[in-house]
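Novice: Heads up, the sequence shown is in our numbering, so the first residue is 31 and it goes up one at a time. Ideal Cβ placement from N, Cα and C applies to all residues, glycine included. Here the structure is a predicted model, which means the values were calculated and not measured.
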Amino acid sequence: MACCVLQITGLVFGGVGMLGTLAATAMPQWRVSAYVEANMVVFESIWEGLWMDCISQLGLRLQCKLYDSVLALPPPLEALRALMCLAVLLAIVAFLVAIVGVKYSHGVAFLLTGSLVLVPVSWTGGGIVRDFYDPAVPAPLKRELGAALYVGWASSALLLAAGAMYCHVWSRILHWECSRPHQTGFTSPAHHSSSQISTC
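The following block contains the structure:
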């Protein structure tokens, strides 16, 4: 029964993590404008994402514009795009594999996906924090952590948790299969009950 609960919980965590990864990839709030001067009058907020940047004017009007050219993008942004797109694809594959029930593969796939999401999100977050405290960076160019980064971190945690749950379940099943006595014929009720508990 415990194995079944872990499998169901892992599937739910993996599904939510997959949706969160997709949302973080599409959201424009990776980097948001920071207001570090007390006397600054704020009329608009700037959002910078992987695919577009947006300007929110007094919270009433939002204008977004897709980046004009893929080839003209900075190499770090292209790398972030590639990593997050790969993470989305791997998250979908891991979730489908978990539904089908392929042994051992889904746990590893969720762990890989969670790690892959963590890299670009943490990389971006570290760069924002570094620039924020760098006195050489002008105040108008300083940015804060956007909502997409928090969604990415939460999704990564859920995917890693799902992978750990599945790996734990299959390690228990593998341990039981390797350690159980090879019997033929009559199986004791206690052994039969143990097999049901171990294999869910």
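For the alpha helix (DSSP H) that contains L119, what are its first and last residues?
Specialist: Position 89 of the sequence shown, counting from 1, holds the residue named residue 119. Per DSSP, L119 belongs to the alpha helix (DSSP H) from P105 to V130.
Novice: Would you report the Cα separation of A178 and I122, rounded to the nearest angstrom?
Specialist: Position 148 of the sequence shown, counted from the first residue, corresponds to residue 178. Position 92 of the sequence shown, counted from the first residue, corresponds to residue 122. Taking the straight line from one Cα to the other gives about 19 Å.
Novice: How many Å lie between T143 and I158 at the Cα?
Specialist: Along the sequence shown, one-based indexing puts residue 143 at 113. Along the sequence shown, one-based indexing puts residue 158 at 128. Computed Cα separation, rounded: 23 Å.
Novice: Measuring CB to CB, does L49 end up less than 8 Å from M195?
Specialist: Position 19 of the sequence shown, counted from the first residue, corresponds to residue 49. Position 165 of the sequence shown, counted from the first residue, corresponds to residue 195. Contact: no.
Novice: Identify whether D98 lies in helix, strand or coil by the three-state DSSP scheme.
Specialist: Within the sequence shown, residue 98 is the residue found at index 68, counting from 1. Reduced to three states, the DSSP call for D98 is coil.
Novice: Is M195 helix, strand or coil by DSSP?
Specialist: Indexing the sequence shown from 1 puts residue 195 at position 165. The answer is helix: DSSP assigns M195 an H, G or I state.
Novice: What residues are listed by DSSP as bridge partners for M82?
Specialist: As a first step, residue 82 must be located in the sequence shown, where it is residue number 52. Beta-bridge partners assigned by DSSP to M82: L96.
Novice: Which runs of the alpha helix (DSSP H) fall wholly inside the segment 136-166 and span at least 4 residues, in chain order?
Specialist: none
Novice: Would you tell me roughly how many angstroms separate the C-alpha atoms of L96 and D83, rounded to the nearest one?
Specialist: To locate residue 96, count along the sequence shown from 1; it is residue 66. To locate residue 83, count along the sequence shown from 1; it is residue 53. Between the alpha carbons of L96 and D83 lies a gap of roughly 7 Å.
Novice: Does Q59 come out as helix, strand or coil in the three-state DSSP assignment?
Specialist: The sequence position of residue 59 within the sequence shown is 29, counting from 1. Looking at Q59 - three-state DSSP - the assignment turns out to be coil, as it is neither helix nor strand.
Novice: Compare the Cα-Cα distances from G131 to each of P58, Q59, V199 and W60 and report the closest residue.
Specialist: The count along the sequence shown starts at 1 and reaches residue 131 at position 101. The candidate whose alpha carbon is nearest that of G131 is V199.
Novice: Put L175 into one of helix, strand or coil per three-state DSSP.
Specialist: Mapped onto the sequence shown, residue 175 falls at position 145. It is a strand residue.
Novice: Round the Cβ separation of M114 and G79 to the nearest angstrom and send it over; I've been treating them as touching at under 8 Å.
Specialist: What you label residue 114 is simply residue 84 of the sequence shown in a count that begins at 1. What you label residue 79 is simply residue 49 of the sequence shown in a count that begins at 1. Their Cβ separation, rounded to whole angstroms, is 10 Å, which puts M114 and G79 out of contact at 8 Å.
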